[in-house]
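Residue numbers (the numbering used here): 268 to 621. All residues carry an ideal CB built from backbone N, CA and C; glycine is no exception.
Structure follows, in structure tokens:
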């Protein structure tokens, strides 16, 4: 009987220790509020959660979804999120209005931000009006005065304005109706507007409906990154947490580089989770059209030790463009041109964190 009591006591002690261990482990996992859109860059944190990478890094990623970049920026003062992904264009306003950092590059979206028109559009009758951009469709006569559906102050807006600029036009030469991407698709399908500006994956919905690409950022001579953004206050107080978040993100980038289109089944599942239906073939195309960059590549891209970094140059182009459009005040443009909000200090910490 005494021996049985000892065993019972031993078992109870073991159970208590296990309970303490479970509690300790649970305490080590911290909810991390992150911001995203239903796009390629969000596959990484979604996939990380499927693989348990966030838990291994001590986080429980909370994926807060938004319809546009400016909606993300507007949610920052309320601390609905502290890190995440957004476009290079809304990043500028995040820096100006909310003191946010640009901490890494999520992907290159230059060919997946496009201006689409209906197949019978007169805009398609002219190609290469500007010899510098031979693959761009349209002419001043066929575009001036037209109505364009777009999400303003976004990478799509940049795609539209680059297109207009290549034709010798500006935003003032057309009528712009501001809508989120899903609304753009629905309205254009109903016959509203002469052109629509979309980014992936909504862009693919337009292609499936037979709409044609008149121009994209790359063909019009630009480059637009999707960036990783951070709340300055949070980042400055928690640099190692930011580095651990980035480390998980680079696990995803490494998987994308290693596996590529082999991840299409998982990518299709992710899109369905995000409320978008795409075939596996379309998922493969989306994966192929979004180049991503490793940690070592990004450390070089952010390196400003011998002059302007590649990332600073990319953002500077966006700043100049939107200042010329009047979307940024001259003083705001001058401030952003310094690149004060672009930092590699968290990238440099990634190799040192566990």
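Endpoints, alpha helix (DSSP H) assigned at residue i
i: residue 504; result: 499 to 504
i: residue 424; result: 422 to 433
i: residue 472; result: 469 to 475
i: residue 455; result: 448 to 456
i: residue 313; result: 310 to 318
i: residue 302; result: Premise fails: residue 302 lies in the beta strand (DSSP E), 297 to 303, not in any alpha helix (DSSP H).
i: residue 328; result: No alpha helix (DSSP H) holds residue 328; the beta strand (DSSP E) holding it covers 326 to 332.
Span separating the alpha-carbon of residue i from that of residue j
i: residue 326; j: residue 617; result: 15 Å
i: residue 531; j: residue 467; result: 15 Å
i: residue 404; j: residue 565; result: 34 Å
i: residue 598; j: residue 608; result: 15 Å
i: residue 353; j: residue 387; result: 34 Å
i: residue 349; j: residue 330; result: 11 Å
i: residue 577; j: residue 490; result: 11 Å
i: residue 559; j: residue 328; result: 21 Å
i: residue 601; j: residue 494; result: 21 Å
i: residue 445; j: residue 457; result: 16 Å
i: residue 358; j: residue 396; result: 32 Å
i: residue 309; j: residue 520; result: 11 Å
For residue i, the first and last residue of its enclosing beta strand (DSSP E)
i: residue 351; result: 350 to 354
i: residue 465; result: 462 to 466
i: residue 346; result: Careful: residue 346 lies outside any beta strand (DSSP E) and carries neither H nor E.
i: residue 444; result: 442 to 445
Residue i vs residue j beta-carbon contact at 8 Å
i: residue 340; j: residue 318; result: no
i: residue 434; j: residue 407; result: yes
i: residue 551; j: residue 528; result: yes
i: residue 497; j: residue 484; result: no
i: residue 417; j: residue 482; result: no
i: residue 334; j: residue 492; result: no
i: residue 488; j: residue 400; result: yes
i: residue 513; j: residue 370; result: yes
i: residue 515; j: residue 321; result: yes
i: residue 462; j: residue 415; result: yes
i: residue 562; j: residue 517; result: yes
Simplified DSSP state of residue i, which is helix, strand or coil
i: residue 483; result: strand
i: residue 340; result: helix
i: residue 378; result: coil
i: residue 616; result: coil
i: residue 546; result: coil
i: residue 541; result: coil
i: residue 386; result: coil
i: residue 495; result: strand
i: residue 436; result: coil
i: residue 370; result: strand
i: residue 306; result: coil
Any C-beta of chain C under 8 Å from that of residue i
i: residue 457; result: The chain labelled as chain C is not found in the depicted structure, where only one protein chain is given.
**Q.** Runs of alpha helix (DSSP H) lying entirely within the region 556 to 612, each at least 4 residues, in chain order
**A.** 562 to 569, 577 to 592 and 597 to 604
Q: Enumerate, from N- to C-terminal direction, the unbroken alpha helix (DSSP H) stretches of 4 or more residues contained entirely within the region 390 to 423.
A: 407 to 410
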